[in-house]
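Heads up, the first sequence is in the numbering used here, so the first residue is 8 and it goes up one at a time. Every residue gets a Cβ at the ideal spot worked out from N, C-alpha and C, and that includes glycine. Note that the coordinates shown come from a computational prediction; the quantities given were computed from them, not determined experimentally. What follows is a set of notes on a single structure, which appears directly below.
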Amino acid sequence: MPELPEVEVVRRGLARWMIGSTIDQVEVLHPRPVRRHEAGIDDFVQRLAGVTVLDAVRRGKFLWLNLDSGEALLAHLGMSGQLLLEEPDAPDEKHLRVRLGLRGGSGRELRFVDQRMFGGLAVVEMVKTPDGGPGGLGGVPSDGEIPVGLPGEPVGEGPVEGEYAAEEALIPVPVAHIARDALDPLLDVDLLAARLRRRETGLKRALLDQTLISGIGNIYADEALWRAKLHYSRPTEKLNRPTLNRLLDDVRNVMREALAQGGTSFDSLYVDVNGQSGYFERGLDAYGREGEACHRCGTQIRRESFMNRSSFFCPKCQPTPRNGR
DNA sequence: ATAACGCCCTGTGTGC
DNA sequence: TGCACACAGGGCGTTA
8 MPELPEVEVV
18 RRGLARWMIG
28 STIDQVEVLH
38 PRPVRRHEAG
48 IDDFVQRLAG
58 VTVLDAVRRG
68 KFLWLNLDSG
78 EALLAHLGMS
88 GQLLLEEPDA
98 PDEKHLRVRL
108 GLRGGSGREL
118 RFVDQRMFGG
128 LAVVEMVKTP
138 DGGPGGLGGV
148 PSDGEIPVGL
158 PGEPVGEGPV
168 EGEYAAEEAL
178 IPVPVAHIAR
188 DALDPLLDVD
198 LLAARLRRRE
208 TGLKRALLDQ
218 TLISGIGNIY
228 ADEALWRAKL
238 HYSRPTEKLN
248 RPTLNRLLDD
258 VRNVMREALA
268 QGGTSFDSLY
278 VDVNGQSGYF
288 ERGLDAYGRE
298 GEACHRCGTQ
308 IRRESFMNRS
318 SFFCPKCQPT
328 PRNGR
């Protein structure tokens, strides 16, 4: 299940192999992965024909190719999506959904392969955002600071020198409501802390809420909470700043380690852009370890049903709060 | 307004 | 053997 590190691995592959390529053929083999392109399949095909890829950018788990038409090809991998660059004569994958023929680049074609089809592709318009564009790893230049905030929220001091041009501070419309991600150097932790204080919810729900902080999914949420020794249902409004800082450090560290490994793979559904399966060799401390010994204290890891999915935690290191959510 | 629930989708594994 | 069902879960529409 691709989360931020896995999507970033894919982004890097796309940036390396696709920038400068022109899309000259589009084939949609299944309608569902294109469902978020509201104007329909024919329009999707038409908008991609003849456009050239300028850049590959990511925020959280969303990934997009900036196109010379001014639009973007937006991708979300969902649970089982893959973007593969394959030789055109390579046999079709069983779950091949969309094929993009390319010229002027690597000579390969881009394939969107997705078994469960929670993910998808769409050609979307770009919009200016108040938080200064995609930022983060591989985004537009992010060495300048711009007031960070979501629409309608208070913004700190005004623009400081070094900001990049407003024209570059564009983000796909469907991504505009997503917060900066955990590895984005422009993530506004003060703002995040303020929003967490106002929230009446549990810590893991907040970590999974992509409008607060993006890129974290079920696996990295459990891993980071285990490292921080925090229970998933702890109320967010009582989280003090040092604890939040430690938790964010743990989120970043677990993601950086995964990134260094080239992404994680747990059920071999995830494959990177070149078809190589990534694997988090170091393994996991909490996720999927029900009944196994905690790597810190030896207590059996527990699994609880939560938000229609599973939460794994050590009942000793991460004691259940009295008023948990 | 916020918070939480339910649905989508397919393949795999398990139990009867 | 075959069937039913639980499970994996991100995002979004709906409900409370």
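Asked, Found
"If you measure between the beta carbons of ILE226 and GLU10, is that distance less than 8 Å?", "yes"
"Mapping the DSSP letters down to three states, classify ASP188 as helix, strand or coil.", "strand"
"Beta-carbon within less than 8 Å of ARG248's beta-carbon, same chain only, minus the 5 sequence neighbours each way: which residues are those?", "ALA200"
"Among all the DSSP beta bridges, which residues are the ones paired with MET133?", "PRO179"
"Throw me the rounded Cβ distance for the MET25 and GLY126 pair, which I believe falls under 8 Å.", "In fact, because the Cβ distance is near 18 Å, the residues do not count as touching under 8 Å."
"In its own chain, which residues sit with a C-beta less than 6 Å from the C-beta of ARG87, not counting the 5 before and 5 after it?", "For the sequence presented, residue 87 should be read as Ser rather than Arg. Closer than 6 Å at Cβ, skipping near neighbours: ASP121, GLN122, ARG123 and LEU276."
"With respect to the alpha helix (DSSP H) encompassing ASN73, which residues constitute its N-terminal and C-terminal limits?", "It is not in any alpha helix (DSSP H) - ASN73 instead sits in the beta strand (DSSP E) that spans 69-74."
"Give the straight-line distance between the Cα atoms of ALA189 and PRO98, rounded to the nearest whole angstrom.", "37 Å"
"Look up PHE319 in the DSSP assignment and give the residues it is bridged to.", "ARG310"
"Please tell me whether ALA79 and ASN73 are closer than 8 Å, where the distance is taken between their beta carbons.", "yes"
"By the DSSP assignment, the alpha helix (DSSP H) with LEU255 in it spans what residues?", "248-267"
"Hey, VAL258 and ALA183: beta-carbon distance below 8 Å or not?", "no"
"Per DSSP, what kind of secondary structure is PRO242 in: helix, strand or coil?", "strand"
"Since I believe PRO328 is in contact with ARG253 (beta carbons under 8 Å), could you give me their beta-carbon distance rounded to a whole number of angstroms?", "Not confirmed; about 17 Å, so no contact."
"If you drop the 5 nearest sequence neighbours on each side, which residues of the same chain put their C-beta closer than 7 Å to that of GLU230?", "VAL261, LEU291, ASP292, ALA293 and TYR294"
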